[in-house]
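What follows is a single structure, written as structure tokens, with notes after it.
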Amino acid sequence: GEMGRCAVVTEFENGWLCGTGSFFLRLHTEIYRPFFIKVLRSEFSKSHLLEGSVGATMNNLNHRILTNLPIPLPPLSEQKRIVAEIEKQLANTKQLKEHIIANQQATEQLLKALLHQAFEVACWIARGVEGIVKNLAWGAAIPNVSPKQIEELNFPIPSKDIQKNIIRFLNDLKDGNVNG
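If you number the sequence shown the way this note's numbering does, the last residue is 300 and the count never jumps.
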């Protein structure tokens, strides 16, 4: 079986059948069941039980191996405090994981939006430059370009700054101020 697998049997489970290879433990009233479960499920306990297990095909435990497991046993109030702290930290960890996942999803969405925006601008510039180059190849003059004309092209432009840079580039190209 799996080392560290355990459960608390309550009145609700009374009468249920249990498979072979299982142990039934009746705990002393000074042992807080959730604390005992945390101890049995700990990596320390699992590795200790695995080291002492017998069997070539499947790891098996016997009564001697189980009773030799060192279990720290603080006072009942301390056991309850430890379990409460573990549960609190597990809840915090769960919240942090959810927060990390939400941030990762938001980052992915932002990256998609930025890439989309960048490719739209690149396409817009490519179309504009392609048209200018074709016109120049036919000997046409480069027209003056205004922000209104850019808006009328209905290409997605992310900001007025980019529009100004494109206008500046086209005007520099017209005036021969662009090094090729």
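We put the CB at the ideal spot given by N, CA and C, even for glycine.
For residue i, count the other beta carbons within 10 Å of its own beta carbon; 16 or more makes it buried, fewer makes it exposed. Which is it?
| i | result |
| --- | --- |
| Val159 | buried |
| Gln199 | buried |
Under the assumption that residue i contacts residue j (Cβ atoms under 8 Å), give the Cβ distance between them as a whole number of angstroms.
| i | j | result |
| --- | --- | --- |
| Leu169 | Ile185 | 7 Å |
| Arg161 | Cys126 | 7 Å |
For residue i, which residues in the same chain have their Cβ closer than 7 Å to its Cβ, ignoring the five residues on either side in sequence?
| i | result |
| --- | --- |
| Leu147 | Arg153 and Phe156 |
| Leu189 | Ser165, His168 and Leu169 |
| Leu196 | Glu150 and Tyr152 |
Give me the DSSP bridge partner(s) of residue i.
| i | result |
| --- | --- |
| Val174 | Asn180 |
Using a Cβ-Cβ cut-off of 8 Å (strictly less than) and excluding sequence neighbours within five positions of residue i, which residues of its own chain qualify?
| i | result |
| --- | --- |
| Ser173 | Met123, Asn179, Asn180, Leu181 and Ile185 |
| Val129 | Trp136 and Phe144 |
Excluding the five sequence neighbours on either side, which residues of its own chain have a C-beta within less than 6 Å of the C-beta of residue i, listed in chain order?
| i | result |
| --- | --- |
| Glu131 | none |
Determine whether the Cβ of residue i lies closer than 8 Å to any Cβ atom of chain D.
| i | result |
| --- | --- |
| Asp281 | No chain D is part of this structure, which consists of one protein chain only. |
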